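Residue numbering for the sequence shown follows the numbering used here, starting at 147 and increasing by one per position.
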Amino acid sequence: MAAGDASLPLVALQDGGVRHGPAPPPDLPKMAAAGLAPPLGGGSKMAGGAVEPGRVVEALELLLGRPEGPGPDGAPLRLEALRGNAAALEERLRGEPCWAALRGLRAAVLGRAPALAAGAEDEAEPGWAAACAVLALLLCLKERLAALSAAPTAPAAAPGAAPPPAADTLSAAQGRAVRRALRAAVGLGLVPYLPPGVGQRPGLPAPSPGVARGARLRAAIAALVELAQHPALGVPLLVQHLGLLLAGLCLLGHGPAVHCEGLSEAERAQSREALQHVLDRVYQPLAVRELLILQGGPKQSPPAGEETKPALARSPAWLRRLCGQLLSERLMRPNGLQAVVRGIMEGAGGGTDAEAAAVDWRKCDAVAKILASCPQQCLSLEDYYKHVCPQILDLLHIQDKLTARQFQRVATTTLLTMVKEHPQLAEKHLLQPLLTPLLRCSDAAEIAEEDLSAGTVLVTEAELSSCVEDVFKVYVVGNDSSSLLLRSLQSVLGVVFSLYSFAKQNVSYLRSPCQEVLLWFLEKSERETSLWVLEGCVGLTSSVHRLHPQCCFRVGSEGGAAIAVKEPISDEDEALYQKVSLEQCHVESLVELLSHCQQSGLAGDFFIHCLKALTHVAVEDEAAASCGAVAGRSLLELEQHSAGQKRKLLVLQLVATLCESVSDTVFTNIAQVEEFVAVTLQRACVSLAQGHGTAVEAQTLSMAMGLVAAMLSGAVQLKSSDFAVLKRLLPLLEEVSCTHPDPVIQELAADLRIAICTHGAFSTETVDTAAESMLGKKLGPSRTEAGTAPCQSPGAGGALPRHGHGCSHPSASRESEEQTVHGKPSAAGPAAAPSAESLTPAQLHELLLSAYDPQVPVRAAALRSLSSLITQRNPEALQIQEKILQVFLESVQHEDSFVYLSAIQGAALLSSEYPEQILPVLLARYGRPVQGTEDTTAAVTRMKLGEVLMRITRALGDMVIKHREPLIHAFLRGARDPDSTLRASSLSNLGELCQRLGFQLGSVIHEVSSCLTAIAKTDPEAEVRRAAVHVVVLLLQGLSKKATEVLQDVLRDLYRLLKHVVAAEPDGAAVLHAQLALEELDTAVRSVLFPPQVLEKKIVVLP
């Protein structure tokens, strides 16, 4: 029999919900003209009165028999039972008066369908006779339902009551009977007369030989097509039997002549029109699915061992071509691509089927290849791309999460396939529309005059968010690094970077996708291209198109961003401040982006690239100085000079930010270290050639050569290939040895050349001394074994160049810093620095003298060695801890960051070990400046001491409660200092201290609250007011949900302060801090007022 009704989703005709009379299409009556006459005007009333639909349903049940099986449809039908049921029905129609009206209606219907009337009387073919009888009764039911739907609707029983059901509505039992009758009509009147491979499923009965199949098939199809016009009968018919109905229509309209004997060409044309009408009316994904099934399965068998569905029968060639043509027509309809995808992919409605289909990447790739291929019916390839490409982009915007997974995978794969096969058309119709919102606001775009008015929104928040998400899905998730994709993305990369920088400064969900897009491009592009793009992002070159100078980003209401035209700024100082702030923001964002590229080596390469640019800056300065004054130059020359000066400032700013922010592992291999040393030596040679070398340049040169000496002395295990890289330094070292005025540096450069040429086999005492200064320890005879402790890998070797360019990181842990200087005791061996137990007083005295050495590396290494002795509790060092503290405090005042950060570390270590003795001294120094120093120098020194105090606070942990009051009072006094920078620093330290104290603040919170309120309202400096509000943020973040308990006495004052800042503060950063604090306060209050509901099960054991 026909397939059951549980395999397909429930669908409906597109116009099936209309209840105003079954107006048939103008072409269907043509098809039925020969067999079915038009309905009579009084077809709803026959002899004996009107026929109720229930009477017709009862006749159907009598003909088919009551269902007796376990399912809702009963046991399969038997021909003997059908013959007996038909005789019983005829007897009832003739004998009972109440059935006379149905008898008359059936006679009228059969009179309009001679083929069905002849078949119903054919006793030689009981199956066909039963099908004709069932179809006749279903046509009678359709006549009655149409008449009832045309009758006026009865009014509601009472005002406000639900309207009564439509007159042609069937009950649930009647609906089951109708579905059973439709199944019998299709199974007995349609399926046996289809040839093999046309709509046949495995397990269906074979066609009956020797009968007029074409005439019978035409009669059954005509009746079923007429039944499909009424919603109550068409919905179950098309839901369960659409495939078989389409198979019959295809055979009658397009099949071979041998299967359509007796049909005229006009009748075949009517069948073709009926086929198109049915396909246009039904739910399109269902039509696509049935056409695919009708097209049949492939020739090849499925792979062995895989669980597959029942195989589809092999369809004839004419049917496969026809189904392909019909599928192409479905695809070319409006929204046809989505219908095709829904029809092909399993579970078009979502759910577990959609999730499984998204995982089945092979099916997604197969669908993508189908969509990327142009059908033969299309006029040209470009017309096909014009029609399909917008629909492909629409697939990326599906909202349902489960369905979106498979749709987005298909869309991404289709797009990438089109890019590979037809790159020019794909770029025109796919990539450019995809990137249009970003291209519209780049500096390469021409914005119309009417759009340049201030405040005009060029790209809305929804449009920009959708564009960024689509770029992420196509480029990052698709992960195809073809040249066309990289080139198209590079055209908008500057705008994406500007958006990333904007999102980094604000709260926006666009930060993560922008960052992923940028990192993907930097990873997939060639290294030279990546460096150019990084330069272009900060404005050093024009390799990328940045945001249009008259456009700016605005915070969106949904957490995104919009692009609008800037408001004009009349104040030149304010405009300059905003420009400088924006450039600084871009530089910081670039450094943040590079922090994710250290493993690939891009961060180290870009740092070296910037150092080379710094060398060019020095050469250009010398050339500019030799050209004379600027006064006599033309306007064009002045503009070029201004652009050059701007670029130099950007280079200096970028190098300074990189030195402060990059980590110790910025260099990942020996080649990068060699590049760094080469750039440093080249810059030193340029300075020597210009004749104005400075002390800083001399120290940098010493650091660079000390780094090479350390590598040659065993800090890194060097291979023969590494020496080949180091040999690139030989010309520069020779130039330094010949031109540098310092004989010590000349000798070191010459000895380094010898050591590199001999692959380290010959090393002089000068090289060993430089290596000891760099590593901070003595080198023994087996230095190649002992020297491996500080750097075990090329990645760790990058720690050595850190001292060469003045970078230091106070946030690094104490243990890692000690290992960097001294090495692990277990790996150092006998040649390492003397241990805590073997240190003699003479060696300690020499170490103290080295702490005052004029050479920065020697002094910094001595300070770190003293810190290590304190950590190891060396007895000799503990006896003179006052002297060591004095050394640290004096070194804190040094201007070089390498020295004063080492001193800060040592003072913090000493104080954390002995807080009772050392902390009062530090607090006294912090409270009053050193005698004989300028105000600015004294403020800087006190800020450094504040950093020491904060490190002590972190080291003490919970024990800081013992020193709570002196620390808080010291910072409160610092908040009243005349120097604004010191006031801000003191407030920052106060905020971190309060955050760490948490519940242990006690009554001192009143003093803190009063101080913060006064500063936030009255201080003239914006950065100080900003720091005061930031203290409140840190305080609320540290207390979290317990803020209402600890701050209950001052909570109202703090709330009023924050509201005042939001309403009256002109500084935007302070307002942002206040808003963050209000959010923290809101979260804490909500957690108290609305505690989370916890569902718990309690099991009580009764005695």
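Idealized CB from N, CA, C, for every residue including glycine.
The structure presented is a predicted model; accordingly, all values stated were derived computationally and were not measured.
query	result
Coil, strand or helix - residue 367 by DSSP	helix
Collapsed DSSP secondary structure at residue 320 in the structure displayed	helix
From 1141, 1096, 1087, residue whose alpha carbon lies closest to that of residue 1057	1096
Between the CA atoms of residue 685 and residue 1087 - distance to the nearest angstrom	36 Å
From 260, 273, 269, 1101, residue whose alpha carbon lies closest to that of residue 1312	Lying before the first or after the last residue shown, residue 1312 is absent from the chain, which here runs from 147 to 1249.
For residue 206, the first and last residue of its enclosing alpha helix (DSSP H)	199 to 210
N- and C-terminal bounds of the alpha helix (DSSP H) containing residue 1034	1027 to 1038
Sequence-distant residues of the same chain with beta carbon closer than 6 Å to residue 1174, five excluded per side	1133, 1158, 1161, 1162
8 Å contact criterion, which residue 1067 and residue 1114 should meet: CB distance rounded	Not a contact, Cβ separation roughly 18 Å.
Closer than 7 Å: residue 312 CB and nearest the ligand PLP heavy atom	Within the structure as shown, the ligand PLP is missing, as the structure has no ligands at all.
Option in 233, 1186, 1055, 1219 with minimal Cα separation from residue 111	Here the chain comprises residues numbered 147 to 1249, so residue 111 is not present and cannot be evaluated.
Buried versus exposed call for residue 884 [16 or more other C-beta atoms within 10 Å across all chains shown]	exposed
Residue nearest to residue 854 in terms of C-alpha spacing, selected from 818, 481, 283, 888	818
Beta-carbon proximity list for residue 1231, same chain, < 8 Å, skipping 5 on both sides	1190
Rounded separation between residue 337 and residue 390 - CA only	7 Å
Buried or exposed (CB count within 10 angstroms, at least 16 for buried), residue 1164	exposed
N-terminal and C-terminal residue of the beta strand (DSSP E) that residue 708 is part of	707 to 711
Three-state secondary structure (DSSP) of residue 604	strand
Cα-Cα separation, residue 366 to residue 281	8 Å
Proximity winner among 717, 713, 394, relative to residue 335 (alpha-carbon distances)	394
Three-state secondary structure assigned by DSSP to residue 699	strand
Short Cβ contact (8 Å threshold) for residue 614 with residue 659	yes
Endpoints, the alpha helix (DSSP H) within which residue 245 is located	Run containing residue 245: none; DSSP gives neither H nor E here.
Under 8 Å between C-beta atoms of residue 405 and residue 364	no
Range of the contiguous alpha helix (DSSP H) that encloses residue 1242	Neither: residue 1242 is in no alpha helix (DSSP H) and is coded neither H nor E.
Residue 588, DSSP secondary structure in three states	strand
Contacts around residue 720, its chain only, beta-carbon distance under 6 Å, and the 5 residues preceding and following it disregarded	none
Rounded separation between residue 498 and residue 555 - CA only	For residue 498, the predicted structure reports a pLDDT of 49, less than 50, and the residue's modelled location is therefore unreliable. The matter cannot be settled from this model.
Residue from 437, 746, 319 whose Cα sits closest to the Cα of residue 199	319
Spatial distance of residue 678 from residue 1186 (CA atoms)	45 Å
Exposed unless 16 or more other CB atoms sit within 10 angstroms - verdict on residue 703	exposed
Where residue 1245 falls, given that 16 or more other Cβ within 10 Å makes a residue buried	exposed
Three-state secondary structure (DSSP) of residue 941	Unreliable positioning characterises residue 941 in this predicted model, as indicated by a pLDDT of 33, which lies under 50. A coordinate reading is not provided.
Given residue 437 as reference, the closest of 470, 413, 460 once Cα atoms are compared	470
Bridge partners - residue 693, DSSP secondary structure assignment	588
Environment of residue 1074 [buried if 16+ CB atoms lie within 10 Å]	exposed
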